[in-house]
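Novice: Just so you know, we're using the working numbering here: the sequence shown kicks off at 27 and counts up by one.
Here it is, the structure, as structure tokens.
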Amino acid sequence: MKLAAVVAILISFSFGAWAQELPNREGSFRFAVVGDSGTGGKRQHQIGALLGQYHKTLGFMTVLMLGDNIYGRHKPKDFQKKFELPYKALLDSGVKFRAALGNHDSPTQISYKPFNMDGLRYYTFKPSEGIRFFALDSTAVDKRQLEWIERELSGSAGDWKIVYFHHPIYSSGARHGSDLALRAVLEPLFVKYGVSVVLSGHDHFYERIEPQRGIHYFVIGGSAKLRKKNIRKTGLTAKAFDRDNSFAVMEIDRDVLHFQAISRTGETVDIGSISRNSASVDGLRKGRDSAPLK
Ligand SMILES: [Fe+2]
Numbered sequence: 027m028k029l030a031a032v033v034a035i036l037i038s039f040s041f042g043a044w045a046q047e048l049p050n051r052e053g054s055f056r057f058a059v060v061g062d063s064g065t066g067g068k069r070q071h072q073i074g075a076l077l078g079q080y081h082k083t084l085g086f087m088t089v090l091m092l093g094d095n096i097y098g099r100h101k102p103k104d105f106q107k108k109f110e111l112p113y114k115a116l117l118d119s120g121v122k123f124r125a126a127l128g129n130h131d132s133p134t135q136i137s138y139k140p141f142n143m144d145g146l147r148y149y150t151f152k153p154s155e156g157i158r159f160f161a162l163d164s165t166a167v168d169k170r171q172l173e174w175i176e177r178e179l180s181g182s183a184g185d186w187k188i189v190y191f192h193h194p195i196y197s198s199g200a201r202h203g204s205d206l207a208l209r210a211v212l213e214p215l216f217v218k219y220g221v222s223v224v225l226s227g228h229d230h231f232y233e234r235i236e237p238q239r240g241i242h243y244f245v246i247g248g249s250a251k252l253r254k255k256n257i258r259k260t261g262l263t264a265k266a267f268d269r270d271n272s273f274a275v276m277e278i279d280r281d282v283l284h285f286q287a288i289s290r291t292g293e294t295v296d297i298g299s300i301s302r303n304s305a306s307v308d309g310l311r312k313g314r315d316s317a318p319l320k
């Protein structure tokens, strides 16, 4: 075998995890998810570069931001440093970010065009036929917001319903953990109106929760900051990763949602699929449910 071929194989092994692993089926809807991302630091840039790699193969055009989008100051140069530069490749490709507000975010973000919030603290959008996202402001849940989400959920029968907001109502984080007050007001609505998937951040790691009352919860809060070894034994965890930063890509193909969590070094740390209207998770590929490859 020629040296060049050997080198190519070695490179493909070293960076193999960069390759797309979701089904990546024609006609499916694909999106990416980041949480607690707005530091402007090296780790955010590394995740941004990986997102760019995945964008090349998956071609997703939507990225959900789960809050703490901009830490610290909110001057124009901060938006540049903590958002525009780390995700430049995606922004240049026309990828649309859709932000939810976290506890570190100034409400002025709602008017920042590239976050596509249209001046609203909470909003809904339908990026593809049969799929609807709902972004909430979990820092300030009031009666008005609860009435709004109930109205919007009840009017979305037949759609995939994916809700995202900053504070997790299920999390094994020692730092924050499950927000029980929020769970008390939101979970009954999610159950009543058939929400399938809920995405949150705030705890700086990745966790997929065992289905709760038929709903799949993810914590994706380590896309720049990291709280190492912060995941406690709670009995909630289906899969957890708190050793490095991470983000996720997802794909909806008719009644199946595929998910894949990827570490800062490009390792796939969780992968599987969820059937709509079902609490079961299947498709966890052999060898992928264990410790990530070195
Ligand atoms: Fe937070």
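All C-beta atoms, glycine included, are put in the ideal place defined by N, C-alpha and C.
Give the straight-line distance between the Cα atoms of Trp-174 and Met-91, rounded to the nearest whole angstrom.
Specialist: 21 Å
Novice: For Thr-134, count neighbouring C-beta atoms within 10 Å of its own C-beta (all shown protein chains included) and say buried if the count is 16 or more, exposed if not.
Specialist: exposed
Novice: Would the beta-carbon of Asp-62 be found less than 8 Å away from any heavy atom of ligand 1?
Specialist: yes
Novice: Quick one: residues in its chain with C-beta nearer than 7 Å to the C-beta of Leu-262, no 5 flanking neighbours on either side, listed in chain order?
Specialist: Excluding its 5 nearest sequence neighbours in each direction, Leu-262 has C-beta neighbours in its own chain below 7 Å: Tyr-196, Ser-198, Ile-235 and Glu-236, listed in chain order.
Novice: Counting along the chain, where does the alpha helix (DSSP H) carrying Phe-216 start and finish?
Specialist: Looking at the DSSP string, the run of the alpha helix (DSSP H) that includes Phe-216 is 206 to 218.
Novice: Please identify the residue among Gly-247, Lys-68, Leu-172 and Ser-226 whose C-alpha is closest to the C-alpha of Ala-210.
Specialist: Leu-172
Novice: Please name the residue or residues paired with Leu-90 in a DSSP beta bridge.
Specialist: Val-59 and Arg-124
Novice: In terms of residue numbering, what span does the beta strand (DSSP E) encompassing Ile-188 cover?
Specialist: 186 to 190
Novice: Assuming His-71 is part of the alpha helix (DSSP H), what are its boundary residues?
Specialist: Segment 68 to 84, the alpha helix (DSSP H) holding His-71.
Novice: Given a cut-off of 9 Å, decide if Asp-94 and Gly-64 are closer than it, judged by their beta-carbon atoms.
Specialist: yes
Novice: Could you check whether the Cβ of Asp-163 sits closer than 8 Å to any heavy atom belonging to ligand 3?
Specialist: Although ligand 3 was asked about, the structure shown includes only ligand 1 as ligands.
Novice: So, helix, strand or coil for Gly-309, using DSSP?
Specialist: Caution is warranted here: a pLDDT of 46 is assigned to Gly-309, below 50, making its placement in the model unreliable, and no coordinate value can be reported.
Novice: Counting along the chain, where does the alpha helix (DSSP H) carrying Pro-102 start and finish?
Specialist: 102 to 105
Novice: On the premise that Phe-123 lies in contact with Pro-112, defined as a C-beta separation below 8 Å, what is that separation, rounded to the nearest angstrom?
Specialist: So it is not a contact: roughly 11 Å between Cβ atoms.
Novice: Let me know the alpha helix (DSSP H) ranges lying completely inside the region 256 to 283, each 4 residues or longer, listed in chain order.
Specialist: You should have found no qualifying run.
Novice: So the candidates are Ile-241, Ser-272 and Val-295; which of them puts its Cα closest to the Cα of Tyr-190?
Specialist: Ile-241
Novice: Please indicate yes or no: does the CB of Asn-129 lie closer than 8 Å to some heavy atom of ligand 1?
Specialist: yes
Novice: Could you check which residue in Val-221, Arg-170, Leu-84 and Gln-106 has the C-alpha nearest to that of Gln-70?
Specialist: Gln-106
Novice: Under the DSSP definition of a beta bridge, which residues are partnered with Arg-158?
Specialist: Lys-187
Novice: Any heavy atom of ligand 1 closer than 8 Å to the CB of Gly-203?
Specialist: no
Novice: Is DSSP giving Ala-200 helix, strand or coil here?
Specialist: In the structure shown, Ala-200 sits in coil (DSSP, three-state: anything other than H, G, I, E or B).
Novice: Out of Tyr-148, Phe-86, Tyr-243 and Tyr-80, state which residue places its alpha-carbon closest to the alpha-carbon of Asp-168.
Specialist: Tyr-148
Novice: Can you list, in chain order, the residues of its chain whose CB lies under 6 Å from that of Phe-216, leaving out five sequence neighbours each side?
Specialist: Ile-241
Novice: Hey, Met-272 and Tyr-232: beta-carbon distance below 9 Å or not?
Specialist: It is Ser, not Met, that sits at residue 272 in the sequence shown. By the CB criterion at 9 Å, Ser-272 and Tyr-232 fall inside the cutoff.
Novice: Which of the three DSSP states, helix, strand or coil, is assigned to Pro-153?
Specialist: strand
Novice: Which term fits Pro-194, buried or exposed, when burial requires 16 or more other beta carbons within 10 angstroms of its beta carbon?
Specialist: buried
Novice: For the candidate residues Ala-125, Lys-103 and His-130, whose alpha-carbon lies nearest to that of Tyr-97?
Specialist: His-130
Novice: Taking Ile-297 as the reference, which of Arg-290, Thr-291 and Ala-266 has the closest Cα?
Specialist: Ile-297 has its Cα closest to that of Ala-266, out of Arg-290, Thr-291 and Ala-266.
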